[in-house]
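Below: the structure, in structure tokens.
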Amino acid sequence: MKWVDEYRDPAAIHHVAAEIRATATRPWTLMEVCGGQTHAILAHGLDALLGTDVSLLHGPGCPVCVTPLATLDRALALALRSEVTLCSFGDMLRVPGSAGDLFGARARGGDVRIVYSPLDAARLAERLPGRQVVFLAVGFETTAPAVAAAARFARQRGLPNFSLLVSHVRVPPALEAILSDPETRVQAFLAAGHVCTVMGTAEYEPIAARHGVPVVATGFEPLDILEGVLRALRQLEAGEARVEIQYARAVRPEGNPHARALLAEVFEVVDRPWRGIGTLPRSGLALHGDYAALDAERRFADALPAAAAEPAACRAGEVLRGALRPDRCPAFGRDCTPERPLGAPMVSAEGACAAYFQYRPAASGEAPGPEAP
Amino acid sequence: MSHETAPGARLAALACPLPVEGDRVTLAHGAGAGASARLFEERVHAHLANPALDRRHDGALLDLGPGRVAISTDTFVVDPPEFPGGDLGSLAVHGTVNDLAMCGASPRALTCGLVLEEGLPLAALDRIVASLGRAARTVGVPVVTGDTKVVERGKGDGVFINTTGVGVAPPGRDVGPHRVRPGDVLLLSGPIAEHGVAVLSVREGIGLEGELASDSAPLHELVSGLFAAVRDVHCLRDPTRGGVGAAVCEIASTSGTRIVLDESAIPVREPVRAACELLGLDPLFLACEGRCLVFVPEAEAEAALHALAARPEGRGAARVGRVEAGAGRVVLETAIGGSRVLVLPPGEPLPRIC
Numbered sequence: 108m109k110w111v112d113e114y115r116d117p118a119a120i121h122h123v124a125a126e127i128r129a130t131a132t133r134p135w136t137l138m139e140v141c142g143g144q145t146h147a148i149l150a151h152g153l154d155a156l157l158g159t160d161v162s163l164l165h166g167p168g169c170p171v172c173v174t175p176l177a178t179l180d181r182a183l184a185l186a187l188r189s190e191v192t193l194c195s196f197g198d199m200l201r202v203p204g205s206a207g208d209l210f211g212a213r214a215r216g217g218d219v220r221i222v223y224s225p226l227d228a229a230r231l232a233e234r235l236p237g238r239q240v241v242f243l244a245v246g247f248e249t250t251a252p253a254v255a256a257a258a259r260f261a262r263q264r265g266l267p268n269f270s271l272l273v274s275h276v277r278v279p280p281a282l283e284a285i286l287s288d289p290e291t292r293v294q295a296f297l298a299a300g301h302v303c304t305v306m307g308t309a310e311y312e313p314i315a316a317r318h319g320v321p322v323v324a325t326g327f328e329p330l331d332i333l334e335g336v337l338r339a340l341r342q343l344e345a346g347e348a349r350v351e352i353q354y355a356r357a358v359r360p361e362g363n364p365h366a367r368a369l370l371a372e373v374f375e376v377v378d379r380p381w382r383g384i385g386t387l388p389r390s391g392l393a394l395h396g397d398y399a400a401l402d403a404e405r406r407f408a409d410a411l412p413a414a415a416a417e418p419a420a421c422r423a424g425e426v427l428r429g430a431l432r433p434d435r436c437p438a439f440g441r442d443c444t445p446e447r448p449l450g451a452p453m454v455s456a457e458g459a460c461a462a463y464f465q466y467r468p469a470a471s472g473e474a475p476g477p478e479a480p
Numbered sequence: 009m010s011h012e013t014a015p016g017a018r019l020a021a022l023a024c025p026l027p028v029e030g031d032r033v034t035l036a037h038g039a040g041a042g043a044s045a046r047l048f049e050e051r052v053h054a055h056l057a058n059p060a061l062d063r064r065h066d067g068a069l070l071d072l073g074p075g076r077v078a079i080s081t082d083t084f085v086v087d088p089p090e091f092p093g094g095d096l097g098s099l100a101v102h103g104t105v106n107d108l109a110m111c112g113a114s115p116r117a118l119t120c121g122l123v124l125e126e127g128l129p130l131a132a133l134d135r136i137v138a139s140l141g142r143a144a145r146t147v148g149v150p151v152v153t154g155d156t157k158v159v160e161r162g163k164g165d166g167v168f169i170n171t172t173g174v175g176v177a178p179p180g181r182d183v184g185p186h187r188v189r190p191g192d193v194l195l196l197s198g199p200i201a202e203h204g205v206a207v208l209s210v211r212e213g214i215g216l217e218g219e220l221a222s223d224s225a226p227l228h229e230l231v232s233g234l235f236a237a238v239r240d241v242h243c244l245r246d247p248t249r250g251g252v253g254a255a256v257c258e259i260a261s262t263s264g265t266r267i268v269l270d271e272s273a274i275p276v277r278e279p280v281r282a283a284c285e286l287l288g289l290d291p292l293f294l295a296c297e298g299r300c301l302v303f304v305p306e307a308e309a310e311a312a313l314h315a316l317a318a319r320p321e322g323r324g325a326a327r328v329g330r331v332e333a334g335a336g337r338v339v340l341e342t343a344i345g346g347s348r349v350l351v352l353p354p355g356e357p358l359p360r361i362c
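Residue numbers (the working numbering), protein chains in the order written: chain A, 108 to 480; chain B, 9 to 362.
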């Protein structure tokens with residue numbers, strides 16, 4: 108398949124891996140920001156190709172994982188209202204809230220639907236004028252433009268029965284928070300290529316400069332990730348800390364101007380709580396101006412529950428900050444599995460715990476990790 | 009049979025005492041009176057007619073001859089009922105015929121139970137039962153008895169079909185996971201995940217386009233060709249719900265062996281691969297409805313592969329794995345030279361956020 112096979116070519120992968128091993132002269136710790144990258148690393152066994160000097164920490168870039176419990180509880184409460192049709196991306200449906208997940212809400216009679224695009228939810232509202240259609244809008248800067256497009260569509264059509272439960276988050280404040288932790292081990296970031304496709308790379312310049320860490324905007328295929336590692340490594344070995352673009356087939360330094368303009372039209376930057384991490388200043392997006400009328404939290408203000416406490420046994424916050432490897436969590440694979448998760452990282456398609464469970468089952472008896480060639 | 013049509017034609021001629029909406033299934037169609045009889049005669053029997061069904065009796069008597077009797081049942085609840093490459097009707101025939109074939113049996117007769125939701129358009133019912141009838145005739149297996157029920161609107165999902173199949177396996181033939189052993193080779197009859205992707209492609213809100221069609225097909229002739237060429241087939245399995253991944257995990261667990269899959273040898277057609285990449289789904293866990301997994305001893309592997317590839321249903325057959333001594337586990341050797349344990353996903357594969 109074009110655009111896929113060439114980035115999974117075994118010969119090219121082993122060539123770059125050998126270069127990585129030859130470049131590292133001492134131990135380095137890199138963090139891949141995006142959960143999609145984490146899954147690719149584990150699915151293809153890329154970490155085993157890096158040699159002993161380079162280790163990877165898994166970052167906070169799982170939108171499903173960082174969506175606050177309060178947002179999820181609100182989605183559950185809305186889903187159970189008789190007049191509401193709640194639309195969501197598929198992988199939100201298994202994420203545990205305080206009282207079950209959205210699949211459970213559906214089983215109890217809630218009208219919960221999986222959509223691929225937020226615009227599909229807005230079109231559904233147009234087709235179902237008697238229903239209140241709410242879209243659960245989670246995700247990073249990657250998905251936010253599609254939500255903004257749905258908001259604009261709803262406003263242009265004057266849809267009175269469409270609203271958005273918004274919990275969008277921004278990547279740079281999370282990186283800032285990780286680097287500001289005095290115990291952080293992160294020495295370079297592989298930034299999330301898709302986020303940079305929308306936003307560009309300028310907002311990472313001050314982070315790289317202030318903290319002295321290389322930031323490489325990296326793609327998601329095995330060869331992308333290894334190239335990202337190699338570029339970060341070359342900077343580290345040379346004592347540099349620049350912003351670089353590995354994912355050049357999709358990322359421009361200025362990002363996508365149309366998408367950015369749309370984001371600015373629909374959203375404003377606000378402080379936002381991250382599940383397991385806490386409130387990060389200026390880390391979220393909220394509907395503003397005329398678009399605030401589409402805010403489900405306003406429309407259903409009286410019906411929404413207050414924030415609840417996280418289950419104590421779940422250490423998702425440490426996992427999301429790269430402070431705890433999923434398989435070293437005491438609950439991993441025992442009290443917490445994809446079928447009975449304690450926290451979101453165990454069920455999301457981009458969750459680090461799910462990646463370890465799927466690709467490195469601890470109790471499997473097989474040699475842990477891939478058998479390096 | 010329980011269509012309650014004893015003197016079917018006469019009853020059907022009587023005027024119905026209940027108001028019957030012209031073009032949709034109503035509760036009257038399930039009440040056992042005139043409307044029921046008409047529904048059966050015009051919408052069911054008309055498509056399935058054969059000597060056994062034509063007797064309009066409570067059940068069917070079968071002469072099966074020597075051999076062991078195989079029986080299998082399956083209930084079909086696909087949403088949507090019509091999808092590229094097939095529909096619920098043909099799937100209900102292929103699914104059950106294939107389950108019999110996987111037992112090493114040739115199919116001889118089918119039953120058909122229909123659960124219809126009030127409000128189902130009669131035209132849709134017609135299409136689905138006509139397709140079921142066509143599939144049964146193509147396979148050469150009559151629907152010998154059946155049942156039709158109507159449930160209130162909201163208590164069903166359009167149409168559910170249950171088919172039970174009866175078949176016969178020659179004396180001495182023994183096929184199943186209990187016979188899988190270290191040294192066996194695993195063959196796959198063709199490219200995977202086509203049914204799963206075809207169904208997903210027409211679900212609301214996805215709107216995938218391209219050459220995506222279900223692989224729904226009967227496999228009894230493919231299997232009979234295989235038995236003609238290979239003396240000792242150890243196990244057959246059609247990887248339906250859960251796909252090749254779930255089927256192989258189940259067989260490894262039942263047989264207490266370690267099955268090693270070669271990821272790059274598993275055939276996946278380009279449009280299917282592209283759809284899976286786009287949706288974030290693993291083709292290994294998406295359903296096939298016209299493929300089978302074949303476990304044979306190494307010495308028979310080449311002959312078996314030739315027998316599969318010789319038929320149109322086996323086009324693209326490949327050697328995809330091997331069985332080793334071990335503890336009920338599946339290991340996937342990845343294309344870039346690593347290996348990992350294959351773990352079953354916790355439920356239906358869900359499309360992901362980005």
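Glycine is no exception: its CB is placed at the ideal position from the N, C-alpha and C atoms. Just so it is clear, the structure is predicted and the values come from calculations on it, not from any experiment.
Only residues of its own chain outside the window of five on either side were considered, and among them 194, 225, 228, 271 have a CB closer than 6 Å to the CB of residue 242 of chain A, listed in chain order.
Comparing C-alpha distances from residue 397 of chain A to each of A:156, A:410, A:263 shows the shortest one belongs to A:263. DSSP places residue 85 of chain B outside both helix and strand once states are collapsed to three, so it counts as coil. By the rule that beta-carbons nearer than 9 Å mark a contact, residue 330 of chain B does not touch chain A. Interface criterion not met: the Cβ of residue 176 of chain A is under 9 Å from no Cβ in chain B.
Between the alpha carbons of residue 148 of chain A and residue 332 of chain A lies a gap of roughly 8 Å. Residues of the region 340-361 of chain B with a Cβ closer than 8 Å to any Cβ of chain A, in chain order: 342, 343, 344, 345, 346, 347, 348, 349, 351, 353, 354, 355, 358, 359, 360, 361. In the pairwise beta carbon analysis, the region 163-173 of chain B is classified as not touching the region 37-46 of chain B: fewer than three pairs are separated by under 8 Å. Against chain A, the beta carbon of residue 281 of chain B has neighbours under 7 Å at 108, listed in chain order. Close to chain A, meaning a Cβ-Cβ distance shorter than 7 Å, are the following residues of the region 284-314 of chain B: 285, 288. Secondary-structure assignment with DSSP links residue 243 of chain B through a beta bridge to B:303. The beta carbon of residue 219 of chain B sits no closer than 9 Å to any beta carbon of chain A.
For residue 239 of chain A, there is no enclosing alpha helix (DSSP H); the enclosing beta strand (DSSP E) has its first and last residue at 239-246. Cβ contact annotation for residue 330 of chain A (same chain, cutoff 8 Å, sequence separation greater than five): 113, 114, 115, 116, 119, 120, 123, in chain order. Put simply, of A:417, A:404, A:387 the residue whose alpha carbon is nearest the alpha carbon of residue 283 of chain A is A:387. Per DSSP, the continuous alpha helix (DSSP H) segment holding residue 146 of chain B begins and ends at 130-147. DSSP, read as helix, strand or coil, puts residue 446 of chain A in coil. A check of alpha carbon separations from residue 262 of chain B across B:152, B:187, B:135, B:297 identifies B:187 as the nearest. Look at residue 351 of chain A here: in three-state DSSP terms it is strand. At least 9 Å separates the beta-carbon of residue 294 of chain B from that of residue 322 of chain B.
Residue contact check for residue 278 of chain B against chain A: a CB pair falls below 9 Å. Taken atom to atom, the span from the alpha-carbon of residue 405 of chain A to that of residue 257 of chain B is near 48 Å. Sorting B:282, B:57, B:176, B:174 by C-alpha distance to the C-alpha of residue 137 of chain B places B:57 at the top. Under the DSSP assignment, residue 192 of chain B falls in the beta strand (DSSP E) whose first and last residues are 192-196.
Against chain B, the CB of residue 365 of chain A has no partner CB under 9 Å away; the residue lies outside that interface. Note on residue 312 of chain A: under 16 other CB atoms within 10 angstroms of its CB, so exposed under the neighbour-count rule. Bounds of any beta strand (DSSP E) do not take in residue 224 of chain B, whose DSSP letter is neither H nor E. Judged by DSSP secondary structure, residue 106 of chain B falls within the alpha helix (DSSP H) whose first and last residues are 96-110. The beta-carbon distance between residue 202 of chain B and residue 270 of chain B, rounded to whole angstroms, is 20 Å. This is too long to meet the 8 Å contact definition. Taking the Cα positions, residue 146 of chain B is about 29 Å away from residue 327 of chain B. DSSP lists B:174 as the beta-bridge partner residues of residue 117 of chain B. Considering only A:256, A:109, A:153, A:158, the residue with the shortest C-alpha distance to residue 129 of chain A is A:158. Apart from sequence neighbours up to five positions away, the residues of its chain that approach residue 206 of chain B with a beta-carbon distance below 7 Å are 91, 92, 93, 220, 221, 222, ordered along the chain. For a Cβ distance threshold of 7 Å, residue set 343, 344, 345 of chain B lies close to residue 117 of chain A, ordered along the chain. Counting only residues of its own chain and dropping the five nearest sequence neighbours on each side, residue 320 of chain A has a CB closer than 8 Å to the CB of 286, 293, 294, 295, 296, 314, 348. Residue contact with chain B for residue 192 of chain A: absent (no Cβ-Cβ distance below 9 Å to any residue of chain B).
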